[in-house]
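**Q**
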Amino acid sequence: MLRARVATACRVHRSLPPSLRHARHASSLKLNSVGAEDIAYFSKILPPTSIISSLSSTPAAADELDQFNSDWIGRFKGHSTTVLKPKTTQEVSQIVKWCNDRKIGICPQGGNTGLVGGSVPVKDEVIVNLANMNKVRSFDPISGILVADAGCILQNLTDYVAPHHHIMPIDLGAKGSCQIGGNVSTNAGGLRLLRYGSLHGTVLGLEVVLPDGTVLDQLTTLRKDNTGYDIKQLFIGAEGTLGIVTGVSILTPPAPQASSNVILALPTFKNVLPLYQTVKRELSEILSAFEFIDRTAYDLAVKHGQGRALTEEEIDGAECFVLVETSGGRREHDEEKLNGLLENLLTADEPLINTGFVSLWALREGVTEAVSKEGKAYKYDISIPLSTFEDVVNSTREHLRSKGLLHEKAVKAVLGYGHVGDGNLHLNIVADAFLPEIQDALEPYIYEVVQSLRGSVSAEHGIGAMKTHALPYSKSQVSIGLMKKIKDVFDPNGIMNPGKVLE
Ligand code: FAD
Ligand code: 2HG
Ligand code: ZN
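Counting along the sequence shown from 1, when you hit position 213 you're at 1236 in the working numbering, and nothing is skipped either side.
(1) Quick one: grab the DSSP three-state call for Thr1275.
(2) Using 8 Å as the threshold, is the C-beta distance between Met1506 and Val1139 below it?
(3) Nearest by alpha-carbon distance to Gly1487: which of Gly1266, Leu1525, Ala1312 is it?
(4) Please identify the residue among Ile1168, Ile1259, Gly1167, Arg1218 whose C-alpha is closest to the C-alpha of Ala1211.
(5) What number of angstroms, rounded off, separates the C-alpha of Gly1398 from the C-alpha of Lys1326?
(6) Indicate, with yes or no, if the ligand 2HG has a heavy atom lying under 7 Å from the CB of Glu1483.
(7) For Tyr1531, count the other beta carbons within 10 Å of its own beta carbon; 16 or more makes it buried, fewer makes it exposed. Which is it?
(8) Taking 7 Å as the cut-off, is the beta-carbon of His1492 closer than that to any non-hydrogen atom of the ligand ZN?
(9) Please report the Cβ distance between Leu1088 and Ala1059, rounded to the nearest whole angstrom; I am assuming they are in contact, meaning their Cβ atoms lie under 8 Å.
(10) Specify the secondary structure class of His1045 as computed by DSSP and reduced to three states.
(11) Tell me the DSSP secondary structure of Ile1286 in three-state form.
(12) Roughly how many angstroms separate the alpha carbons of Tyr1252 and Ile1407, rounded to a whole number?
(13) Does His1102 have its Cβ less than 8 Å from a Cβ in chain C?
(14) Only counting runs of 3 or more residues, tell me where the beta strand (DSSP E) segments fall wholly within the stretch 1163-1193, in order along the chain.
(15) At a cut-off of 7 Å, would you count Thr1391 as near the ligand 2HG, judging by its Cβ distance to the nearest heavy atom?
(16) Taking three-plus beta-carbon pairs below 8 Å as touching, is the stretch 1169-1187 in contact with the stretch 1439-1457?
(17) Can you tell me whether Gly1263 sits near the ligand ZN, meaning its C-beta is under 7 Å from at least one heavy atom of the ligand?
(18) Does the beta-carbon of His1449, which I'm using as the reference point, lie nearer than 7 Å to any heavy atom of the ligand 2HG?
(19) Quick one: Cα of Val1285 to Cα of Gly1330, how far?
(20) Could you have a look at Pro1109 and say whether DSSP puts it in helix, strand or coil?
(21) Compute every distance between the C-beta of Val1268 and the non-hydrogen atoms of the ligand FAD, then say whether any falls below 7 Å.
(22) Report the option in Ala1197, His1356, Glu1392 whose CA atom is closest to the CA atom of Ala1281.
(23) Considering only the alpha carbon of each residue, which of Leu1298, His1492, Thr1244, Ala1324 lies closest to Phe1313?
(24) Excluding five sequence neighbours on each side, which residues of the same chain lie with their C-beta closer than 8 Å to the C-beta of Ile1509?
(25) Excluding five sequence neighbours on each side, which residues of the same chain lie with their C-beta closer than 8 Å to the C-beta of Gly1379?
(26) Using DSSP with H/G/I as helix, E/B as strand and the rest coil, what is Asn1055?
(27) How about Leu1209 and Val1232: are their beta carbons less than 8 Å apart?
(28) DSSP has Pro1521 in a bridge; who is on the other side?
(29) Excluding sequence positions up to five away, which residues of its chain have a Cβ less than 6 Å from the Cβ of Phe1162?
(30) How should Arg1047 be labelled, buried or exposed, when 16 other C-beta atoms within 10 angstroms of its C-beta is the threshold for buried?
(31) Going straight from the alpha carbon of Ser1311 to that of Gly1351, what length do you get?
(32) Could you tell me if Thr1105 is buried or exposed, where buried requires 16 or more neighbouring beta carbons within 10 angstroms of its beta carbon?
(33) Whole angstroms are fine: how far does the CA of Asp1372 sit from the CA of Gly1485?
(34) Give me the DSSP bridge partner(s) of Glu1441.
(35) Answer yes or no: the CB of Val1139 versus the heavy atoms of the ligand 2HG, is any distance below 7 Å?
(36) One question on the structure: do Leu1274 and Gly1204 come within less than 8 Å of each other, judged by their Cβ atoms?
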């Protein structure tokens, strides 16, 4: 049945209007490698400290290049000979123009914390790393509008606006390394989306170097601007395939006067949905996050030192946990509401929770780190109906068991966690090593499940190099045809992050 649906999707392609069917696909074009002449040019426009290359007169050591060629999960590896670290938009523009004229591929790179292999080259593209573009350009404490270079690290921006009693509208576990340009380019979701919405709403303007080197200056600070097509939206989530983001204008909300977190231990997953309804009803405007981790995720986080471990007595056989955060304007009011909620939950005739305890984000934020310490992770970042979270995790585990792959030398753990409030499950399969038989068991199995639930194969991490083949499970051929046409309009030579997003 599921396979039949995929076949139908492929047949639809042939019945597309010719204008979409023949959209030329830029990433299939042949690209050139960096050579001595290119290094000579880069050396004219950049100081020696901004060029790391095995081809330069002082060749970079292999391990120095390696860190830029390897992704965070240790699954994707590029073979770039050259990393460029421009300091200004003008330098980025000169590099990009040169590469476009010479048909050299470019892999834009931020903090390299992406989880889908988008931030490392597929072959030997030049890596343009934005780390040296790290200045705040302006901040208006009245409107809360921050304008910053794309290479600013998210945590640094959080620290910058904090004395003005503002916060960034986005927060995620990788905040100490990821850059605002990377966040925009992946349309990262994270832990504050429930409260502040997506970057499509909070990003007010962008400065982008287009694939021919032209600088698109849309770095406006206007809240309202209905002057035709909103071009900047195309770069939010484009994963570096349409240009290099060099500047970001973003609305930062006022910091809440009071914030509290509790972790609730639930006897069964079945209670998550009724709990979510109750929490939303009782906390209403002060609810700012509702995050879920299953028991396996909790155990791994605790095992690898992320957050406080509870006693077995405290947990009382809990099957999963929910982190509830409140953010509001008056501490006494918010505490009264939260305490009232906890009391009601614990004294109900059929309590939805075993226990609740005050917590920090460390436990929830630390799951990704813990998983990476445990082994190699296959990560599926999917949007599916909330009611199916548990079934999808359990059926994946059973599927792997039925293939004989659930043991210490293959798959060590299957776990689920994520953003309940956003309908986003992080299904992680932790293995001893990345093995073809595990990969074949997981795909297309998981993508077919997602498709049957009319979900998305990427809720927030993007497509990168990992999921280019999986796009049709979530997007129609009409949509993919339009995406290819847009790519061709911006990047006819296909130099910008080839092999990512579109096959
Ligand atoms: P990179 O990883 O360097 O790049 C990501 C993509 O964006 C690549 O395709 C790259 O080519 C492109 N890119 C980067 N900078 C630019 C630029 N200036 N112009 C054009 N293209 C660019 N993601 C979430 O959505 N939510 C989470 O909660 C979350 N938590 C995480 C927790 C941990 C511990 C880790 C390791 C990752 C997490 N991520 C999460 C994934 C990742 O951190 C985000 O995708 C983040 O936005 C990537 O930013 P970066 O600067 O590291 O970008
Ligand atoms: C999170 O929500 C991140 O913690 C990472 O999006 C998820 O590692 C993952 O699978
Ligand atoms: Zn997430």
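Here a beta-carbon is modelled for each residue, glycine too, at the ideal position from N, C-alpha and C.
**A** The relevant details are as follows:
(1) coil
(2) No, they are not a contact pair.
(3) Comparing alpha carbon positions, the residue from Gly1266, Leu1525, Ala1312 closest to Gly1487 is Leu1525.
(4) Considering only Ile1168, Ile1259, Gly1167, Arg1218, the residue with the shortest C-alpha distance to Ala1211 is Ile1259.
(5) 13 Å
(6) At least one heavy atom of the ligand 2HG falls within 7 Å of the beta-carbon of Glu1483.
(7) An answer regarding residue 1531 cannot be provided, because it is not within the stretch 1024 to 1526 covered by the chain.
(8) no
(9) Leu1088 to Ala1059, Cβ: 17 Å. No contact.
(10) Note that His1045 scores 41 on pLDDT, short of 50, meaning its location in the model is unreliable and no value can be drawn from it.
(11) strand
(12) Going by the C-alpha atoms only, they are around 30 Å apart.
(13) This model lacks chain C altogether, as it is built from one protein chain only.
(14) 1168-1172, all fully within the stretch 1163-1193.
(15) yes
(16) no
(17) It does not: the Cβ of Gly1263 is nowhere closer than 7 Å to a heavy atom of the ligand ZN.
(18) yes
(19) 13 Å
(20) Here Pro1109 sits in coil by DSSP.
(21) True, at least one ligand heavy atom lies under 7 Å from that Cβ.
(22) His1356
(23) Leu1298
(24) Leu1257, Leu1265
(25) The beta carbon of Gly1379 sits closer than 8 Å to those of Val1285, Ile1286, Leu1287, Ala1288, Leu1365, Leu1368, Leu1369, all from its chain and outside the five residues before and after it, given in chain order.
(26) strand
(27) Checking the displayed sequence, the identity of residue 1209 turns out to be Thr instead of Leu. No, the pair does not count as a contact, with Cβ atoms beyond the cut-off.
(28) Answer is none; Pro1521 lacks a bridge partner.
(29) Leu1169
(30) Bear in mind that the predicted position of Arg1047 carries a pLDDT of just 46, short of 50, making it unreliable; the figure below should be weighed with that in mind. Label assigned to Arg1047: exposed.
(31) 9 Å
(32) It is buried - the Cβ of Thr1105 has at least 16 other Cβ atoms within 10 Å.
(33) So the two alpha carbons sit approximately 43 Å from each other.
(34) One point to set straight first is that residue 1441 is Gly, not Glu, in the sequence displayed. Paired residues: Phe1315, Leu1448.
(35) no
(36) Not closer than 8 Å, so no.
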